[in-house]
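Per the working numbering, residue 23 is the first one in the sequence shown, and the count goes up by one each step.
No residue lacks a Cβ here, since even glycine has one placed at the ideal position from N, Cα and C.
Keep in mind the model is a prediction, meaning the values are calculated, not measured.
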Amino acid sequence: MGISKRGQSLKDQVVSFTPSISAERAEIVTRSYKKYGHEDPLILRARALEDILDNKTLYILEKDLLAGNQAPRPRCAEVFPEFSTRWILKELNDFEKRDSDIFTIDEDVKRRLRDILPWWEGRCVQDRVLQLLPQKIESANRDLVFILTSLSSGVGHIAVDYERCIRYGLRRIIDDSSRLEAALIMDSQEAIERRNFFRAVRIVCEALIRFARRCSSYARKRAAEETDPERQKELSGIAEICSRIPEEPARTFHEALQSFWFVHLVLQIESNGHSISPGRFDQYMYPWYRRDLDAGLLTRDRGKELLENLWIKMNELIKLRDLRGSKAFGGYPLFQNIIVGGVDEYGRDASNELSFLCMEVTRELKLPQPSFSVRWHAGTPRRFMTEAASVVKGGFGMPAFFNDEVIIPMMLDMGYSFDEARNYTEVGCVEPQTAGTTEGYYPSGFMNLSKVLELTLNNGTNPLTGNRIGVQTGEDFDNFADFYEAYLTQLGYFCDLMADAINCIDSVQGRYVPTPFCSCFVDDCLESGTDVRRGGARYNFSSPNVVALANVADALMVLKEAVFKEKKVSYGSLRKILRDNYDGNEVLRQRFLKDYPKYGNDNDEVDSFARDIALFLDKRFRRRKNVRGGCFYVGLQSISAHALFVNSLGATPDGRKMEMLLADGGCSPAQGRDRLGPTAIACSVAKIDHFKVPNGTLLNIKLNPSLLETTEGIQHLITLIESYFTMKGQHVQFNVVSADVLRAAQKSPEEYGDLVVRVAGFSVYFVSIDRILQEDIIQRTEQSSFG
23 MGISKRGQSL KDQVVSFTPS ISAERAEIVT RSYKKYGHED PLILRARALE
73 DILDNKTLYI LEKDLLAGNQ APRPRCAEVF PEFSTRWILK ELNDFEKRDS
123 DIFTIDEDVK RRLRDILPWW EGRCVQDRVL QLLPQKIESA NRDLVFILTS
173 LSSGVGHIAV DYERCIRYGL RRIIDDSSRL EAALIMDSQE AIERRNFFRA
223 VRIVCEALIR FARRCSSYAR KRAAEETDPE RQKELSGIAE ICSRIPEEPA
273 RTFHEALQSF WFVHLVLQIE SNGHSISPGR FDQYMYPWYR RDLDAGLLTR
323 DRGKELLENL WIKMNELIKL RDLRGSKAFG GYPLFQNIIV GGVDEYGRDA
373 SNELSFLCME VTRELKLPQP SFSVRWHAGT PRRFMTEAAS VVKGGFGMPA
423 FFNDEVIIPM MLDMGYSFDE ARNYTEVGCV EPQTAGTTEG YYPSGFMNLS
473 KVLELTLNNG TNPLTGNRIG VQTGEDFDNF ADFYEAYLTQ LGYFCDLMAD
523 AINCIDSVQG RYVPTPFCSC FVDDCLESGT DVRRGGARYN FSSPNVVALA
573 NVADALMVLK EAVFKEKKVS YGSLRKILRD NYDGNEVLRQ RFLKDYPKYG
623 NDNDEVDSFA RDIALFLDKR FRRRKNVRGG CFYVGLQSIS AHALFVNSLG
673 ATPDGRKMEM LLADGGCSPA QGRDRLGPTA IACSVAKIDH FKVPNGTLLN
723 IKLNPSLLET TEGIQHLITL IESYFTMKGQ HVQFNVVSAD VLRAAQKSPE
773 EYGDLVVRVA GFSVYFVSID RILQEDIIQR TEQSSFG
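1. Kindly indicate the opening and closing residues of the beta strand (DSSP E) around G363.
2. Here's the rule I'm using: 16 or more other beta-carbon atoms within 10 Å means buried, otherwise exposed. How should H11 be labelled?
3. Taking the alpha-carbon of V101 as reference, which of W109, I124, A48, V147 has the nearest alpha-carbon?
4. Return the chain-ordered list of same chain residues with a C-beta closer than 6 Å to the C-beta of T171, the five sequence neighbours on each side being excluded.
5. Where L777 and K769 are concerned, what is the direct C-alpha to C-alpha distance, given to the nearest angstrom?
6. Taking its Cβ as the centre, do 16 or more other Cβ atoms sit within 10 Å of P156, making it buried, or is it exposed?
7. Using DSSP with H/G/I as helix, E/B as strand and the rest coil, what is S395?
8. If you follow the alpha helix (DSSP H) that I263 is in, where does it begin and where does it stop?
9. Going by Cα to Cα distance, which pick from G178, H179, I180, I195 is closest to R186?
10. Per the contact definition of three or more C-beta pairs closer than 8 Å, is the region 315 to 335 in contact with the region 24 to 32?
11. Which whole-angstrom value describes the C-beta separation of M469 and V167, a residue pair presumed to lie in contact below a C-beta threshold of 8 Å?
12. Between which two residues does the beta strand (DSSP E) carrying Q755 extend?
13. In chain order, what residues of the same chain lie with their CB nearer than 6 Å to the CB of E270, ignoring the 5 residues before and after it?
14. Does K724 pass the burial test, meaning 16 or more other C-beta atoms within 10 Å, or should it be called exposed?
15. Is T483 closer than 8 Å to N489 when the C-beta atoms are compared?
16. Is the beta carbon of G672 sitting closer than 8 Å to the one on E476?
17. Pull up the DSSP beta-bridge partners for F638, would you.
18. Between which two residues does the beta strand (DSSP E) carrying E448 extend?
19. Hey, how far is the Cα of F418 from the Cα of S592?
20. For the beta strand (DSSP E) holding F543, just list the boundary residues, first then last.
21. Per the contact definition of three or more C-beta pairs closer than 8 Å, is the region 672 to 690 in contact with the region 596 to 603?
22. Tell me whether P251 is buried or exposed, calling it buried when 16 or more other Cβ atoms sit within 10 Å of its Cβ.
23. Please name the residue or residues paired with N91 in a DSSP beta bridge.
24. Can you tell which of L596, G259, L387 has its C-alpha closest to the C-alpha of D86?
25. Output the distance between the C-alpha atoms of D116 and Q801, rounded to the nearest integer angstrom.
26. Among the candidates I263, R405, G462, whose CA atom is the shortest distance from the CA of V649?
27. Just to confirm the assignment: which complete alpha helix (DSSP H) runs, minimum length 4, are found wholly within the region 306 to 355?
28. Would P431 be called buried (16 or more neighbouring beta carbons within 10 Å of its own) or exposed?
29. L658 and G622: beta carbons closer than 8 Å?
30. What's the C-alpha gap between F406 and Y534?
31. Near D605, which residues of its chain fall below 7 Å by C-beta distance, leaving aside the five closest residues on each side in sequence?
32. Are the Cβ atoms of S706 and D629 separated by less than 8 Å?
33. I'd like to check one pair, L75 with L230: are the Cβ atoms closer than 8 Å?
34. Over the uninterrupted beta strand (DSSP E) stretch that includes M469, give me the two end residues.
35. Return the Cβ separation of G450 and H179 in integer angstroms, given the expectation that the two are a contact with Cβ distance under 8 Å.
36. With a cut-off of 8 Å on the beta carbons, I'd call A761 and Y774 a contact; round off their distance for me.
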């Protein structure tokens, strides 16, 4: 059927906007902090959000059927000075000169930001955290043993209970907070804090109601100026919906979408954390869709048009990151993950008409946002998988596939109830949670496992800087077992160091930048009178991720066989060869690459290293407690941090030279080393205990487009996915694009502006990402058969 005329018009409008920067939010929030700085942080944050919603610029695009915007124009990034400012001042003149994530910025905006930002010195989150961090943590972060991604940003990474607003409206939340405050007995500091929380909830909810009415008035004004009768009617309809939504319950599918959008939008405005994910959209939206169809109020075509509108609006949102962040999260991603399918609370298949419509809209629009995912279980209908595979065939890296048979038991082990586990969604890339129950603190950071190996080889000293940043685990080793034990000792040290750093940041963010609006839609926050950033959620986790598992597994195999068993090279000589970046030792490097088993080829010995390290990380992090009363859970995912780390890591024993890429994904094989096809990859990766990686595992597989040209090819893809999931893999996603097309896009980017590819847990426009990340995707093994 194809994209509707309205959808095509809206898509063309949004993608035509060059990413830019606004000073509007920064100016409003600075005035607000100066005015209300004496208030409790909860009230201060609520008043700041109130001022933003009362004063921000409004727009409605031509043919738009939904109201509400983050910034003065589409794809315009607002500045959040309450989180960090130094990097903004430092990079003001460089945003337009970047290799990726380029932003235009007017001279007037630069001037206004230079006026505003100095006031925040010592007041923003980053400055407060840096005052707390011990030197050893700063050193590890500086030398990129790990990066702390929430040091300069908000948390985000959450799926809230959108249905609460859609079904009941904000007025009910306001009334509930008043009732709960009235029942307080003011006999403790905790009671005073709960009172402040309830007041903050009412401030932000009333502010959104006023914002919706501003949108209503603006739409009515636009309608009065409109000369086209049909468009005038549409604008009047928007005005009518926004006059009662989101204050009141939604009555129609259109109202439900508008209610959803207002909540989703304000979550982005309140805090600049990304990965705010809509969750099981096909489940909570279906009652309104089905009811309107049955009542004759909605046709399938009109429902599809509205969904197109919503999908496109998610692409209006954009985030400004510092230079390091733009490399770790290249391509302007926001990770707004929508997931469909899976089981219901009784374990039955939950797919419905809206699930299929969501897949159709995603396949036809081919936009980077929302990130689109599907759930699989043993009873998934073949028709559902065939439609999902047809989306894969579109070649833009969606959907990601998730395995109910692993994730539901894993979540039960994490403490979720049976109903909650069956109702799981995915946040950001691959992070499972149940919507409206969890603060998982998923942007905890990324650790470079290969850097830890390099530090082990150099007795805790970084050979690139000469700084001793690790523990002294030995200058020489007689056998592999001792070396491996030293590596695990070094790894354990940095796990603990990273957990300490995460707790420092978590504590500061909870104290100074609570999120009362987000808390309205997370279970137990309202009941306990506690903000989600302060432990109010039912489940509270912290979730660091690790990078380069495949490289370390391959390197350990070389060390075990070539160095300690075969003695092809001594341990001391290897250290010098690595420091010299294999200069004069290319033959040896090629032997390391070709003569020893590599992870991703179904070899038990090398695969066991990946499995054992993953289990070690799970045990080491799981024993740590966070500041919100929960524990730490590890994830195997890299986003694009594997590209960021290359310049801070020397040559490694797996045959990788300095500045060469690390393995992508999280549990994907290293680029070009998976030589036996996707079935062998699946067998290798499935040997990792995916039940013990609660923050998610991420597997990328790259397919030549010719594999999916036939119906038989589509069925082979489904068989591959289902076989991997039967072996208890947790997640898999596919790039369906040839290296030839990607090379052509590098040479003529202006001709490939709409080429979307999968990086890790997100899809982006290929031409918008850094050259090294482009090379990463090109160098991934292009599978030409399903063998």
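Checking against the coordinates, here is how it stands:
1. Position 341 of the sequence shown holds residue 363. Its beta strand (DSSP E) spans residues 359 to 363.
2. Only positions 23 to 809 of the chain appear in the structure, and residue 11 is not among them; the question remains open.
3. Within the sequence shown, residue 101 is the residue found at index 79, counting from 1. V101 has its Cα closest to that of A48, out of W109, I124, A48, V147.
4. Counting from 1 along the sequence shown, the entry for residue 171 is found at position 149. Cβ neighbours of T171 beyond the five flanking positions: P465, G467.
5. In the sequence shown, the residue the question calls residue 777 occupies position 755. In the sequence shown, the residue the question calls residue 769 occupies position 747. One C-alpha to the other measures close to 13 Å.
6. As a first step, residue 156 must be located in the sequence shown, where it is residue number 134. Exposed, because fewer than 16 other Cβ atoms sit within 10 Å of the Cβ of P156.
7. Stepping through the sequence shown from its first residue, residue 395 is reached at position 373. Strand at S395.
8. What you label residue 263 is simply residue 241 of the sequence shown in a count that begins at 1. 251 to 264 is the span of the alpha helix (DSSP H), which, as asked, contains I263.
9. Position 164 of the sequence shown, counted from the start, is the residue given in the question as residue 186. Checking every option, the nearest Cα to that of R186 belongs to I195.
10. yes
11. On the sequence shown, residue 469 is found 447 positions in, with the first residue counted as 1. On the sequence shown, residue 167 is found 145 positions in, with the first residue counted as 1. Confirmed, Cβ separation roughly 7 Å.
12. For the purposes of this step, residue 755 is taken as residue 733 along the sequence shown, with counting starting at 1. For Q755, the enclosing beta strand (DSSP E) has its first and last residue at 753 to 758.
13. One-based indexing of the sequence shown puts residue 270 at position 248. Cβ neighbours of E270 beyond the five flanking positions: G191.
14. Against the sequence shown, residue 724 aligns to sequence position 702. Buried, by the Cβ-count rule.
15. Within the sequence shown, numbered from 1, the residue matching residue 489 stands at position 467. Within the sequence shown, numbered from 1, the residue matching residue 483 stands at position 461. Yes; because the gap between Cβ atoms is below 8 Å, this pair is in contact.
16. Within the sequence shown, residue 672 is the residue found at index 650, counting from 1. Within the sequence shown, residue 476 is the residue found at index 454, counting from 1. Yes.
17. The residue given as residue 638 occupies position 616 in the sequence shown. Bridge partners of F638: none, in fact.
18. Within the sequence shown, residue 448 is the residue found at index 426, counting from 1. Taken as a continuous stretch (DSSP letters only), the beta strand (DSSP E) holding E448 covers 446 to 449.
19. By 1-based counting over the sequence shown, the position of residue 418 is 396. By 1-based counting over the sequence shown, the position of residue 592 is 570. Cα to Cα, F418 sits roughly 46 Å from S592.
20. Walking along the sequence shown from the start, residue 543 turns up at place 521. Counting along the chain, F543 falls outside any beta strand (DSSP E), and DSSP gives it neither H nor E.
21. yes
22. The residue given as residue 251 occupies position 229 in the sequence shown. Counting Cβ neighbours within 10 Å, P251 comes out exposed, since fewer than 16 surround it.
23. On the sequence shown, residue 91 is found 69 positions in, with the first residue counted as 1. Looking at the DSSP output, N91 bridges to nothing.
24. As a first step, residue 86 is located in the sequence shown; it is residue number 64 there, counting from the start. When C-alpha distances from D86 are compared across L596, G259, L387, the shortest belongs to G259.
25. In the sequence shown, counting from the first residue as 1, residue 116 sits at position 94. In the sequence shown, counting from the first residue as 1, residue 801 sits at position 779. Rounded to the nearest angstrom, the two C-alpha atoms are 29 Å apart.
26. Indexing the sequence shown from 1 puts residue 649 at position 627. Minimum Cα distance to V649 is reached at G462.
27. 308 to 316, 322 to 336, 345 to 350
28. The count along the sequence shown starts at 1 and reaches residue 431 at position 409. So P431 ends up on the exposed side.
29. As a working mapping, residue 658 is identified with position 636 in the sequence shown. As a working mapping, residue 622 is identified with position 600 in the sequence shown. Result no, Cβ atoms of L658 and G622 do not sit closer than 8 Å.
30. Taking the sequence shown and counting its residues from 1, the one referred to as residue 406 is at position 384. Taking the sequence shown and counting its residues from 1, the one referred to as residue 534 is at position 512. About 45 Å.
31. Walking along the sequence shown from the start, residue 605 turns up at place 583. For D605, where only same-chain residues beyond five positions count, there are no Cβ hits under 7 Å.
32. As a first step, residue 706 must be located in the sequence shown, where it is residue number 684. As a first step, residue 629 must be located in the sequence shown, where it is residue number 607. Cβ atoms of S706 and D629: closer than 8 Å.
33. Within the sequence shown, the letter at position 208 stands for residue 230. Within the sequence shown, the letter at position 53 stands for residue 75. Taking 8 Å as the Cβ cut-off, L230 and L75 qualify as a contacting pair.
34. Locating residue 469 in the sequence shown gives position 447, counting from the first residue. From DSSP, the beta strand (DSSP E) with M469 extends over 468 to 470.
35. For the purposes of this step, residue 450 is taken as the residue at position 428 of the sequence shown. For the purposes of this step, residue 179 is taken as the residue at position 157 of the sequence shown. G450 to H179, Cβ: 5 Å. Contact.
36. Numbered from 1 along the sequence shown, position 739 holds the residue referred to as residue 761. Numbered from 1 along the sequence shown, position 752 holds the residue referred to as residue 774. So it is not a contact: roughly 14 Å between Cβ atoms.
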